[in-house]
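Counting along the sequence shown from 1, when you hit position 242 you're at 242 in our numbering, and nothing is skipped either side.
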Amino acid sequence: MKVAALARETGRRLRDAERLNATLHWSQSLLDAEAARLDALPDGPLTGMSVALKDNIVTTDQPTTCASRLLDGYLSPFEATAATRLRAAGALIAGKTNLDEFAMGSSTEHSAFGRVLHPLDPELVPGGSSGGSAALVAAGVTAAALGSETGGSVRQPAAFCGVVGVKPGYGRVSRFGLVAFGSSLDCISVFGATVSDAERVLATISGHDPLDATTRAGGPLVAASARRDLRGIVIGLPHEYFPADLHPGVRAACDRTIAILRDLGAEVRDVSLPSTSHAVPAYYIVNPAEAAANLARFDGVRFGNRRVGPEGDLRALYRATRGEGFGAEVRRRILVGTFVLSAGYADRYYARAQAARRLIVDDFARVFGAGVDFLFTPTTPTPAFRAGEKMADPVAMYLADVFVCPASLAGIPALSLPIGRDGGLPLGGQLMAPDGGDADMLAVAQVIEGAVDATGEVR
Ligand code: GLN
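Structure representation (structure tokens):
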């Protein structure tokens, strides 16, 4: 009976939140059916928690569209491991959330089904690409939601919406059933109203999966013992993440948080990650290269709604299916990715981007090897921006990821947590940890969460 009541309440909240355009699929009848199934089972660790899924994570009971016309109505024959594990732990799957098409973007404005509205101001974007998941958690519809990160798509919207967003280290959570975007970067990641909510979900979905050869050996994430303070911890502040033109509200929130880190007993140290400026350029070569390869399967033969071109041959079918099915940003990534991999250009672009990626990995290794336990930075250079502001300029949109994509390139754990507001808008602070430091990072985040006035104005 417990879950049945949660299902009704979740449905009511989803209905109230329809104006946000944060969901692509949900239904009361599915919620009720799932609740009946769960109520007949013994309680699990997530019984009583509702969790929404980004619509690039496949389930068999609802369509998975990746917010693309090409996959409109697509029903997967199998389910993502993360979704299966959530159900097995007793979580109520609330519905599928809106995103930038195929997770390409930072605002949800690239969704084929319209953008998500920021819960606090409909003129603003919630961030992206996992903006629907972020908005639902921020609006109090679900306690947690899954998103995916390829280059910051959970941390950035978490910061914009004022919720917690955790990207685990690469390979911690199975990618089986996550529609592939950049396979060397993709991580299913978690939004929570609190650090503890996100941690509980992560503990459920993480751990080795025989269906994904890139998952790490070993079981699920085990929470580190709770801390009361940050004594004995060294936190690095990479100066590349605090440029002179950083938004003054973001700077004020970070300064305030850094003072709190010191008060909590942490040793705070200035450090340098000199290759940071290469991260966005390297990301926007490696990512399209992998995306172009991964999206080749959406050809109207293997996957995707088939459209037949006027000449009626196979090439016309590909052209019509992909030309009409994909939106502008997806086409841009495929063109860029194909270009940077093509003979004569691969050495000039792809190989150099991979070399830059190595420098970024080495930067982190050097700092973490020199006694720094965690890094603290702003999550985003500004609070949530206005819809339309960056749509005409792809590079401006790409730069929204400047502080989040380095951890994606390096595959290290990172999270964003709310650290204050400026003019009413949430601001996020980012923690990054060395490989394997997921649980310790969450324990530190919990201490900061308890000490920071996350909804207070910072200036
Ligand atoms: N905004 C980045 C991009 O467009 C990140 C996307 C993501 O993490 N899915 O590629």
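Even glycine gets a Cβ: it sits at the ideal position worked out from N, Cα and C.
Within 10 Å of its beta-carbon, does Tyr345 have 16 or more other beta-carbons around it, so buried, or fewer, so exposed? exposed
So what does Thr23 bridge to, in DSSP terms? Paired residue(s): Thr97.
When Leu92, Pro243, Ile334, Pro63 are compared against Leu41, the one with the closest alpha-carbon: Leu92
Looking at C-alpha atoms only, which residue of Pro413, Val163, Asp363 is the closest neighbour of Leu136? Val163
Heavy atom of the ligand GLN within 7 angstroms of Asp401 beta-carbon: yes
Is Phe181 a contact residue of the ligand PLP, with contact defined as CB to any heavy atom under 7 angstroms? The ligand PLP is absent from the structure shown, which contains only the ligand GLN.
Check whether the Cβ of Gly48 lies closer than 7 angstroms to any heavy atom of the ligand GLN, and answer yes or no. no
Which residues in the same chain as Ile360 place their Cβ atom closer than 8 angstroms to its Cβ, once the five residues preceding and following it in sequence are excluded? Leu273, Ser275, Thr276, His278, Ala279, Ala282, Pro406, Leu409, Ala410
CB of Glu290 to nearest heavy atom of the ligand GLN: below 7 angstroms? Relative to the ligand GLN, even the nearest heavy atom lies 7 angstroms or more away from the CB of Glu290.
Cys187 - DSSP class collapsed to helix/strand/coil: strand
Rounded C-beta distance between Leu46 and Ala7? I'm assuming under 8 angstroms. So it is not a contact: roughly 14 angstroms between Cβ atoms.
Is it buried or exposed, Leu335, if we count other Cβ atoms within 10 angstroms and call 16 or more buried? exposed
Secondary structure at Leu415, three-state DSSP: helix, strand or coil? strand
Look up Val163 in the DSSP assignment and say whether it is helix, strand or coil. Residue state, collapsed to three classes: coil.
Classify Asp245 as buried or exposed, calling it buried when 16 or more other Cβ atoms lie within 10 Å of its own Cβ. exposed
Bridge partners for His118 per DSSP, in chain order? Assignment of beta-bridge partners to His118 by DSSP yields Asp121.
DSSP-derived helix/strand/coil call for Gln354: helix
Ala5, buried or exposed, once every other Cβ within 10 Å from all chains shown has been counted against 16: exposed
Per DSSP, what kind of secondary structure is Thr65 in: helix, strand or coil? coil
Go through the stretch 391 to 451 residue by residue and report every complete run of the alpha helix (DSSP H) that reaches 4 residues or more, in order. If we require 4 residues or more, the alpha helix (DSSP H) runs fully inside the stretch 391 to 451 come out as 394 to 398, 405 to 410, 438 to 451.
State the DSSP-derived secondary structure class of Glu457, mapped to helix, strand or coil. strand
Can you say whether Arg87 is buried or exposed, counting buried as having 16 or more other CB atoms within 10 angstroms of its CB? buried
As assigned by DSSP and simplified to three states, the class of Thr379: The answer is coil: DSSP assigns Thr379 none of H, G, I, E or B.
Name the DSSP bridge partner or partners of Leu237? Asp270
I need the DSSP call for Gly147, collapsed to helix, strand or coil. strand
Sequence-distant residues of the same chain with beta carbon closer than 7 angstroms to Ser153, five excluded per side: Residues Ala103, Gly128, Ser129, Ser130, Gly147 of the same chain have their beta carbon placed closer than 7 angstroms to that of Ser153, with the five preceding and five following residues left out of the count.
To the nearest angstrom, report how far apart Tyr349 and Gly11 are at their CA atoms. 48 angstroms
List the residues that DSSP assigns as beta-bridge partners of Phe374. Ile235
Reduced DSSP category for Ala52 - H, G, I as helix; E, B as strand; rest coil: Assignment of Ala52 by DSSP, reduced to helix, strand and coil, places it in the strand class.
Note down the Cα distance separating Pro394 from Gly265, rounded to an integer number of angstroms. Annotation: Pro394 to Gly265 spans about 42 angstroms, alpha carbon to alpha carbon.
Of the residues Lys96, Gly428, Ala443, Ala17, the one placed nearest Val51, counting alpha carbons only: Of Lys96, Gly428, Ala443, Ala17, the smallest CA-CA separation from Val51 is found for Lys96.
Excluding sequence positions up to five away, which residues of its chain have a Cβ less than 7 angstroms from the Cβ of Val268? Ile235, Leu237, Ile258, Leu261, Arg262
Using only the alpha-carbon positions, how far apart do Glu240 and Pro157 sit? A direct Cα-to-Cα measurement between Glu240 and Pro157 gives close to 22 angstroms.
Would a check of beta-carbon distances place Phe339 closer than 8 angstroms to chain D? Protein chain content of the structure displayed is limited to a single chain, and chain D is not contained in it.
To the nearest angstrom, how far is the alpha carbon of Leu431 from that of His208? 24 angstroms
Please determine whether the Cβ atom of Met104 lies at a distance below 7 angstroms from any heavy atom of the ligand GLN. yes
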